[in-house]
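In the numbering used here, each residue carries its 1-based index in the sequence shown increased by 174. Please read the structure below before turning to the comments.
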Amino acid sequence: MSAIRNTKSVSQAAAFPNPVGHDVRSAPPHAFDLSEFVSSSTNRVNKALDRFLPSEKTRPATIHKAMRYSLFAGGKRMRPALTLAAAEACGGDEEAALPLACAVECIHTYSLVHDDLPAMDNDDYRRGKLTNHKVFGEGIAVLAGDALLTQAFEIVVQCRSWPRYPHQQIVLELARAAGSLQLIAGQVADLEGEGKKVSVQDLRYIHERKTSALLCCAVRLGGISANCSLAQLKALTDFGYHVGLAFQVIDDILDVTQTSEQLGKTAGKDTKAQKATYPSIVGLEKSRKVATQLTNKAFAALKPFKGKAVALEALAEYLLKRDR
175 MSAIRNTKSV
185 SQAAAFPNPV
195 GHDVRSAPPH
205 AFDLSEFVSS
215 STNRVNKALD
225 RFLPSEKTRP
235 ATIHKAMRYS
245 LFAGGKRMRP
255 ALTLAAAEAC
265 GGDEEAALPL
275 ACAVECIHTY
285 SLVHDDLPAM
295 DNDDYRRGKL
305 TNHKVFGEGI
315 AVLAGDALLT
325 QAFEIVVQCR
335 SWPRYPHQQI
345 VLELARAAGS
355 LQLIAGQVAD
365 LEGEGKKVSV
375 QDLRYIHERK
385 TSALLCCAVR
395 LGGISANCSL
405 AQLKALTDFG
415 YHVGLAFQVI
425 DDILDVTQTS
435 EQLGKTAGKD
445 TKAQKATYPS
455 IVGLEKSRKV
465 ATQLTNKAFA
475 ALKPFKGKAV
485 ALEALAEYLL
495 KRDR
C-alpha cells in the first residue's frame with residue numbers, strides 16, 4: 175500500500191476565487207496544488223464508492239439506481255477529501271483511509287436526499303440536477319437515503335481496525351455524528367426554528383450539529399485511519415469543529431449572494447423558508463468576519479502538525495473562499 179502522496183507545488187489562489195472578501199492570512203506557508211489534490215481524491219473516492227455499492231442492475235434495480243443517482247451527481251467530495259488530508263497529516267496510508275472517506279460521503283449524501291424532500295426543505299435541484307424525489311418519487315427517495323445511511327456502516331465494519339482504535343470506536347464515531355444528538359438534532363432544530371426568532375447561540379447549536387458534526391467526524395476518521403496519537407486526534411477535532419462551523423456560515427452567505435445557477439441548487443430558499451441564518455441575524459459583513467475568525471481558529475489547531483497538514487490548511491482556506 176502506498177502512502178498518501180504530496181501533490182506538486184503551485185498556488186491554489188487562481189483556481190479557487192474568494193467571494194468572501196477577507197484574506198485569512200497574508201500568504202500560505204506552503205505552496206500547494208489544491209485543485210489537483212481535490213481532483214485526484216475525488217477520482218479515488220468515486221472509484222471506491224463504485225466498488226462498495228451494488229450495481230444499478232442488482233435487484234431491486236430502482237433503489238440502486240436512486241442511490242447511485244445522488245451519490246454520483248457531482249460535487250467536490252469535500253468531506254472525503256478532508257478524511258484523506260487528515261490521514262496524510264498523520265502519516266497515514268491512502269488505502270486505509272478510503273473506506274472511511276466513502277462511509278462519510280454515503281452519510282452526507284443520504285442527508286442531502288432527505289433534506290431535499292418536500293417534508294423538509296422541498297428543493298427541486300441539487301448539484302445542478304433534479305433532486306432524487308423529483309426523479310424517482312418521494313417513497314424511493316426516502317428509501318435511497320435510508321439505504322445510503324445503512325451502506326455507510328456496511329463499509330465501515332469491513333475496513334481494518336488500528337491498535338489505538340478498534341472497530342467499535344470507529345463505528346461509534348460515525349453513529350454519533352449521524353445520530354439524534356448531532357446531525358439529526360441539527361436538522362430538527364433547523365426545522366423547528368423556521369419562522370421564529372432564533373438567537374445566535376441557538377443558531378450555533380444548529381450549525382454545530384447539522385454541519386460541523388459530520389465534517390469533524392470526517393477529519394477524525396482520517397486521523398484514526400493513520401492510528402494517530404491522542405494529541406493529534408484532539409488537534410484534528412478542534413480543526414474539524416471550526417472548519418465545519420465556518421463552512422455553514424459561508425453556506426448561509428452564499429444562499430443570499432449567489433444565483434441558483436452558481437450554487438447548483440435553489441438560491442434564497444433559506445430566506446423564503448424564514449430559516450435562521452447568520453446573515454439574517456448579524457448581517458452579511460459580520461457573517462463574513464465570523465467565517466474568517468472560525469477559519470483562523472482551524473488553522474491554529476493545526477500547529478501541532480508543524481507544517482505536515484498542508485492539505486488540510488489548503489482545504490480550510492478554500493472552504494472559506496468558495497463561491498458555491
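The beta carbon of each residue, even a glycine, is placed where N, CA and C say it ideally should be. This structure is a prediction, so every number in the text was calculated from the model and none was measured.
Cut-off 6 Å between Cβ atoms - residues of its own chain near residue i, not counting five sequence neighbours on either side
{"i": "threonine 469", "result": "Val198, Ala420, Ala490 and Leu494"}
{"i": "cysteine 333", "result": "Pro273"}
{"i": "lysine 517", "result": "Given a span of 175 to 498 for the chain in the structure shown, any question on residue 517 remains unanswerable."}
{"i": "leucine 407", "result": "Gly397"}
{"i": "tryptophan 336", "result": "Asn401"}
{"i": "histidine 341", "result": "Ser335"}
{"i": "valine 372", "result": "Ala450"}
{"i": "serine 454", "result": "none"}
Residue j beta carbon less than 9 Å from that of residue i
{"i": "arginine 251", "j": "serine 215", "result": "yes"}
{"i": "alanine 472", "j": "valine 417", "result": "yes"}
{"i": "alanine 260", "j": "alanine 465", "result": "no"}
{"i": "aspartate 320", "j": "threonine 305", "result": "no"}
{"i": "phenylalanine 310", "j": "alanine 240", "result": "yes"}
{"i": "alanine 278", "j": "valine 374", "result": "Alanine is not the amino acid found at residue 278; the sequence shown has valine there. No, the pair does not count as a contact, with Cβ atoms beyond the cut-off."}
{"i": "histidine 288", "j": "alanine 315", "result": "yes"}
{"i": "alanine 352", "j": "leucine 377", "result": "no"}
{"i": "leucine 258", "j": "tyrosine 492", "result": "no"}
{"i": "aspartate 425", "j": "threonine 385", "result": "yes"}
Supposed close pair residue i, residue j - CB separation, criterion 8 Å
{"i": "leucine 476", "j": "isoleucine 427", "result": "Incorrect: roughly 24 Å between the Cβ atoms, too far for contact."}
{"i": "glycine 396", "j": "leucine 256", "result": "7 Å"}
{"i": "leucine 348", "j": "valine 330", "result": "6 Å"}
{"i": "glutamate 262", "j": "alanine 488", "result": "Incorrect: roughly 11 Å between the Cβ atoms, too far for contact."}
{"i": "serine 154", "j": "glycine 266", "result": "Any answer about residue 154 is impossible in this case: the structure gives the chain only from 175 up to 498."}
Contacting residues, own chain, Cβ-Cβ under 8 Å from residue i (five flanking each side not counted)
{"i": "histidine 282", "result": "Arg253 and Leu388"}
{"i": "alanine 222", "result": "Leu272, Pro273, Ala275 and Cys276"}
{"i": "histidine 381", "result": "Gly360, Gly418, Leu419, Gln422 and Val423"}
{"i": "lysine 460", "result": "Tyr452"}
{"i": "proline 478", "result": "Ala405, Gln406 and Ala409"}
{"i": "leucine 227", "result": "His238, Met241, Arg242, Leu245 and Gln325"}
{"i": "glutamate 230", "result": "His238, Lys239 and Arg242"}
{"i": "leucine 365", "result": "Met294"}
Secondary structure of residue i, DSSP reduced to three states
{"i": "lysine 460", "result": "helix"}
{"i": "aspartate 289", "result": "helix"}
{"i": "arginine 300", "result": "strand"}
{"i": "glycine 367", "result": "coil"}
{"i": "aspartate 497", "result": "coil"}
{"i": "aspartate 267", "result": "strand"}
{"i": "aspartate 197", "result": "Low confidence applies here, because aspartate 197 scores a pLDDT of 47, under 50, leaving its location unreliable and the question unanswered by this model."}
Contacts around residue i, its chain only, beta-carbon distance under 7 Å, and the 5 residues preceding and following it disregarded
{"i": "glutamine 356", "result": "Arg350, Arg383 and Ala387"}
{"i": "valine 513", "result": "Residue 513 lies beyond the stretch modelled for the chain, which goes from 175 to 498, so this question has no answer here."}
{"i": "threonine 499", "result": "For the chain, the structure presents residues 175 to 498; residue 499 sits outside this window and is missing."}
{"i": "glycine 195", "result": "Below a pLDDT of 50, predicted positions are generally treated as unreliable, and glycine 195, at 44, falls in that range; the measurement from the model is reported next regardless. Taken in chain order, the residues that qualify are Arg462."}
{"i": "phenylalanine 413", "result": "Val393, Ala472, Ala475, Leu476 and Leu486"}
Contact test: residue i Cβ vs the ligand MN heavy atom, cutoff 8 Å
{"i": "serine 399", "result": "As for the ligand MN, it is missing from this structure, which has no ligand bound."}
> Of all the alpha helix (DSSP H) runs that stay within the bounds of the stretch 305–332, which reach a length of 4 or more residues?
Replying inline: Those alpha helix (DSSP H) runs which fall completely within the stretch 305–332 and span 4+ residues are 306–310 and 312–332.
> If you scan the stretch 358–414 from start to end, which runs of the alpha helix (DSSP H) of 4 or more residues do you find wholly inside it?
Replying inline: 374–381 and 387–399, all fully within the stretch 358–414.
>> Please give me, in chain order, every unbroken run of the alpha helix (DSSP H) with length at least 4 that falls completely inside the stretch 221–268.
In response: Within the stretch 221–268, the runs of alpha helix (DSSP H) at least 4 residues long that lie entirely inside it are, in chain order, 235–245 and 252–263.
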